[in-house]
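Have a look at the structure below, then the notes.
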Amino acid sequence: MESSVFVAGHRGLVGSAVVRRLQAEGGRRLLLRARDELDLLDQAAVHAFFDEERPGFVVLAAAVVGGILANDRYPADFISDNVAIQSNVIRAAHEYGVQRLIFLGSSCIYPKHAPQPMPEACMLTGPLEPTNQWYAVAKIAGARTCEAYRRQCGDDFVTLMPTNLYGPNDNFDPETSHVPAALLRRFHEAKRSGGPDAPVTLWGTGTPRREFLYVDDLADAIVFVLNLPAGPLYEAAPDGMLNVGVGEDISIAELAEIIRDVTGSESAIRYDTTRPDGTPRKLMDVSRMQALGWRARTSLREGFAKTYAWYLEHRANAAGA
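Per the working numbering, the sequence shown starts with residue 65, numbered consecutively.
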């Protein structure tokens with residue numbers, strides 16, 4: 065029987081990957097609305113949409129996102145807009161009887177000095193990384209909101225916390241992008257403009273360790289959870305929280321070398337140690353998802369090769385390189 069899925073934020077990195085995955089699977093009617101068609105900051109508009117369409121499932125991937133620079137420059141937008149979007153959609157999902165909602169959190173919800181790998185239970189056990197605290201607080205509020213509705217009302221609302229993401233349809237803007245997309249663009253432009261004589265400079269020392277997940281693997285995890293029976297899901301995650309990652313990390317310096325190789329660049333890599341490193345290490349404990357039977361499948365080199373091919377086709381000319 066056909067069921068409808070509202071993918072909120074379907075044009076973004078995660079949302080577009082979820083749409084690709086659901087379209088490949090078939091059997092579901094997709095409800096997609098661009099921002100000019102449905103403003104998720106408008107509570108009345110969100111409720112009117114739910115009243116008209118009555119989605120069976122919701123994937124809440126809409127968010128105001130960005131890297132360290134964007135978080136520092138627009139803290140009010142990151143906290144207030146994200147809280148409003150989440151609250152409007154989650155409330156409507158409750159009032160209109162959605163069968164299951166999946167809210168996309170983030171690994172930044174965990175403390176700066178969380179135990180490694182980071183289990184779901186370590187949320188709110190220590191101070192956050194200051195450079196992205198505004199986004200983190202909003203995502204923590206969303207995760208707790210889902211848990212509150214589940215406790216009080218019995219709603220089947222689940223929070224997935226993906227690790228650092230990359231892939232097709234990422235944001236490659238040099239001012240607001242995350243590390244993988246920013247590095248890919250920098251190495252590409254350095255190769256085009258100056259070859260080995262055009263160095264690429266990274267913030268910090270290059271020593272922090274990060275985990276990176278290809279976005280289509282995350283989409284696969286989301287659809288996997290959408291299809292799970294309630295019993296096994298809540299046996300594995302009684303708080304409704306599931307980390308999604310690959311279970312291993314690399315240093316930023318190692319990441320830069322992989323991306324340099326994938327783009328074919330010969331640029332030297334330099335480090336601006338006057339800039340912040342951010343959290344020293346962020347590795348997810350993915351034992352809950354593995355216990356449910358899901359694992360990531362895409363290697364870093366394969367994932368970045370696919371991402372670079374997409375960038376060359378869709379973004380390189382627009383970027384002027």
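Yeah, the Cβ is synthetic: ideal placement off N, Cα and C, and Gly gets one too. Values in this document were obtained by computation on a predicted structure and should not be read as measured data.
**Prompt:** Helix, strand or coil for Phe167 per DSSP?
**Reply:** Your numbering for residue 167 matches position 103 in the sequence shown. Strand at Phe167.
**Request:** Under 8 Å Cβ to Cβ from Arg85, same chain only, skipping five residues before and after it: list those, please.
**Result:** Counting from one through the sequence shown, the residue named residue 85 turns up at place 21. Counting only Cβ-Cβ distances below 8 Å, and skipping sequence neighbours, we find Asp280, Ala283, Asp284, Ile286, Val287.
**Message:** Alpha carbons only, please: which of Ala202, Asn152, Leu192 is nearest the one belonging to His443?
**Reply:** Since the displayed the chain opens at 65 and closes at 385, residue 443 lies outside it and no answer follows.
**Request:** Using 10 angstroms around the beta-carbon of Arg99, count the other beta-carbons present and answer buried if the total reaches 16, otherwise exposed.
**Result:** Within the sequence shown, numbered from 1, the residue matching residue 99 stands at position 35. Here Arg99 is exposed: its Cβ has fewer than 16 other Cβ atoms, across all protein chains shown, within 10 Å.
**Prompt:** If you run the structure through DSSP and keep just helix, strand and coil, what is Asp336?
**Reply:** The residue labelled residue 336 in the question sits at position 272 within the sequence shown. Of the three classes helix, strand and coil, the one that applies to Asp336 here is strand, per DSSP.
**Message:** At the level of alpha carbons, what is the spacing between Pro293 and Glu193?
**Reply:** As a working mapping, residue 293 is identified with position 229 in the sequence shown. As a working mapping, residue 193 is identified with position 129 in the sequence shown. Taking the straight line from one Cα to the other gives about 35 Å.
**Prompt:** DSSP three-state call for Gly76: helix, strand or coil?
**Reply:** Here residue 76 refers to the residue found at position 12 of the sequence shown. In the structure shown, Gly76 sits in coil (DSSP, three-state: anything other than H, G, I, E or B).
**Asked** DSSP three-state call for Ser68: helix, strand or coil?
**Response** Residue mapping note: residue 68 aligns to position 4 of the sequence shown, counting from 1. Here Ser68 sits in strand by DSSP.
**Message:** Going by DSSP, what residue range makes up the beta strand (DSSP E) through Thr223?
**Reply:** If you number the sequence shown from 1, residue 223 lands on position 159. Where Thr223 is concerned, the enclosing beta strand (DSSP E) starts and stops at 221 to 226.
**Prompt:** What is the DSSP secondary structure of Thr362, counted as helix, strand or coil?
**Reply:** Here the question's residue 362 lines up with position 298 in the sequence shown. Of the three classes helix, strand and coil, the one that applies to Thr362 here is coil, per DSSP.
**Message:** Mapping the DSSP letters down to three states, classify Arg99 as helix, strand or coil.
**Reply:** Taking the sequence shown and counting its residues from 1, the one referred to as residue 99 is at position 35. Three-state result, Arg99: coil.
**Request:** Please report the residue range of the beta strand (DSSP E) in which Tyr174 lies.
**Result:** Along the sequence shown, read from residue 1 onward, the residue named residue 174 stands at position 110. Here Tyr174 belongs to no beta strand (DSSP E), and DSSP marks it neither H nor E.
**Secondary structure of Met353, DSSP reduced to three states** = As a working mapping, residue 353 is identified with position 289 in the sequence shown. It is helical.
**Prompt:** Looking at Thr327 and His242, is the spacing between their C-beta atoms short of 7 Å?
**Reply:** Counted from its first residue, the sequence shown places residue 242 at position 178. Counted from its first residue, the sequence shown places residue 327 at position 263. The answer is no: Cβ separation not under 7 Å.
**Message:** On the DSSP bridge list, what partners appear for Met305?
**Reply:** Position 241 of the sequence shown, counted from the start, is the residue given in the question as residue 305. Per DSSP, Thr223.
**Asked** What number of angstroms, rounded off, separates the C-alpha of Leu133 from the C-alpha of Pro296?
**Response** Taking the sequence shown and counting its residues from 1, the one referred to as residue 133 is at position 69. Taking the sequence shown and counting its residues from 1, the one referred to as residue 296 is at position 232. Looking at the two C-alpha atoms, the distance is approximately 40 Å.
**Request:** Could you tell me which residues DSSP puts in a beta bridge with Ile132?
**Result:** Translated into the one-based positions of the sequence shown, residue 132 becomes position 68. DSSP lists no partner for Ile132.
**Message:** Measuring CB atoms only, is the stretch 218 to 228 touching the stretch 152 to 171, in the sense that at least three cross pairs come out at less than 8 Å?
**Reply:** yes
**Asked** How would you call Ser80, buried or exposed, if buried means at least 16 neighbouring beta carbons within 10 angstroms?
**Response** What you label residue 80 is simply residue 16 of the sequence shown in a count that begins at 1. Under this definition Ser80 is a buried residue.
**Message:** Nearest by alpha-carbon distance to Pro179: which of Ile166, Lys346, Leu124 is it?
**Reply:** The residue labelled residue 179 in the question sits at position 115 within the sequence shown. When only C-alpha atoms are compared, the closest one is Lys346.
**Message:** Going by C-alpha to C-alpha distance, which of Pro340, Pro302, Cys217 sits closest to Trp267?
**Reply:** Indexing the sequence shown from 1 puts residue 267 at position 203. The shortest C-alpha separation from Trp267 is found at Pro340.
**Request:** Under 8 Å by Cβ, that's how I've got Ile323 and Leu248 pegged, so tell me the actual separation to the nearest angstrom.
**Result:** Here residue 323 refers to the residue found at position 259 when the sequence shown is read from its first residue. Here residue 248 refers to the residue found at position 184 when the sequence shown is read from its first residue. The pair is a contact, with the Cβ atoms about 5 Å apart (cut-off 8 Å).
**Asked** Can you name the start and end residues of the alpha helix (DSSP H) that Phe6 belongs to?
**Response** The structure shown does not extend to residue 6, since the chain spans only 65 to 385, so no value can be given for it.
**Message:** Distance check for Ala72 and Leu94, CA to CA, integer angstroms please.
**Reply:** Translated into positions along the sequence shown, residue 94 becomes position 30. Translated into positions along the sequence shown, residue 72 becomes position 8. For Leu94 and Ala72, the distance between alpha carbons rounds to 11 Å.
**Contacting residues, own chain, Cβ-Cβ under 8 Å from Thr195 (five flanking each side not counted)** = Position 131 of the sequence shown, counting from 1, holds the residue named residue 195. If we look at Thr195 and ignore the five residues flanking it on each side, its Cβ neighbours are Ile132, Asn135, Asp136, Pro340, Gly342.
**Item:** Residue range of the unbroken alpha helix (DSSP H) whose run includes Leu248
**Value:** Along the sequence shown, one-based indexing puts residue 248 at 184. Note, Leu248: alpha helix (DSSP H), 243 to 257.
**Request:** Please report the residue range of the beta strand (DSSP E) in which Tyr278 lies.
**Result:** Mapped onto the sequence shown, residue 278 falls at position 214. Per DSSP, Tyr278 belongs to the beta strand (DSSP E) from 276 to 278.
**Request:** Just the C-alpha distance for Arg361 and Ala108, rounded to the nearest angstrom, thanks.
**Result:** Start at 1 with the first residue of the sequence shown, and residue 361 comes out as number 297. Start at 1 with the first residue of the sequence shown, and residue 108 comes out as number 44. Arg361 and Ala108: Cα-Cα distance of roughly 41 Å.
**Request:** Report the residue from Thr271, Ser331, Phe276 whose alpha carbon sits nearest the alpha carbon of Thr337.
**Result:** In the sequence shown, counting from the first residue as 1, residue 337 sits at position 273. That would be Thr271, whose Cα lies nearest to the Cα of Thr337.
**Prompt:** Do Gly130 and Thr223 have their C-beta atoms closer together than 7 Å?
**Reply:** In the sequence shown, counting from the first residue as 1, residue 130 sits at position 66. In the sequence shown, counting from the first residue as 1, residue 223 sits at position 159. Going by C-beta atoms, Gly130 is not nearer than 7 Å to Thr223.
**Nearest candidate by alpha-carbon position, reference Met182, set Gln150, Val82, Asp349** = The residue labelled residue 182 in the question sits at position 118 within the sequence shown. Of Gln150, Val82, Asp349, the residue nearest in Cα terms is Asp349.
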